[in-house]
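The structure appears below as structure tokens.
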Amino acid sequence: MKIFKRAFIDSVPVMMGYLVVGAAYGVYAGDAGVSAFETIAMDFVIFAGSMQFVTVRLLNHAPAFLTVVLLTL
Numbered sequence: 007m008k009i010f011k012r013a014f015i016d017s018v019p020v021m022m023g024y025l026v027v028g029a030a031y032g033v034y035a036g037d038a039g040v041s042a043f044e045t046i047a048m049d050f051v052i053f054a055g056s057m058q059f060v061t062v063r064l065l066n067h068a069p070a071f072l073t074v075v076l077l078t079l
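So the sequence shown is numbered by our numbering: it starts at 7 and just counts up by one.
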């Protein structure tokens with residue numbers, strides 16, 4: 007049990023970083039008009055955090071199909 011406590015303490019700085027980026031994404035998506043359901047769904051579907059920010063922009067500007075394909079490679 008001691009090793010789990012140490013691992014948790016060591017991972018707190020990383021968790022704080024994810025918290026800040028996640029909050030920024032939530033605010034950005036909300037301001038862009040993305041619903042709460044869509045925002046949470048993207049959290050589960052999209053692994054790359056930076057692509058979540060790009061997806062919000064793509065949802066609002068309807069890019070060409072080739073643009074979407076190239077961005078997701």
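Glycine included, C-beta positions come from ideal geometry on N, C-alpha and C.
Residue 26 carries a helical assignment under DSSP once its states are collapsed to helix, strand and coil. By the Cβ neighbour-count rule, residue 61 is buried, with 16 or more other Cβ atoms within 10 Å of its own.
Three or more beta-carbon pairs separated by less than 8 Å are not found between the segment 7-18 and the segment 26-38, which leaves the two stretches without contact. Across the structure, residue 38 and residue 48 are spaced so that their CA atoms are roughly 14 Å apart. Contact between residue 65 and residue 40 holds: their C-beta atoms lie close to 6 Å from each other, under 8 Å. Residue 7 and residue 25 have their C-alpha atoms some 25 Å from each other.
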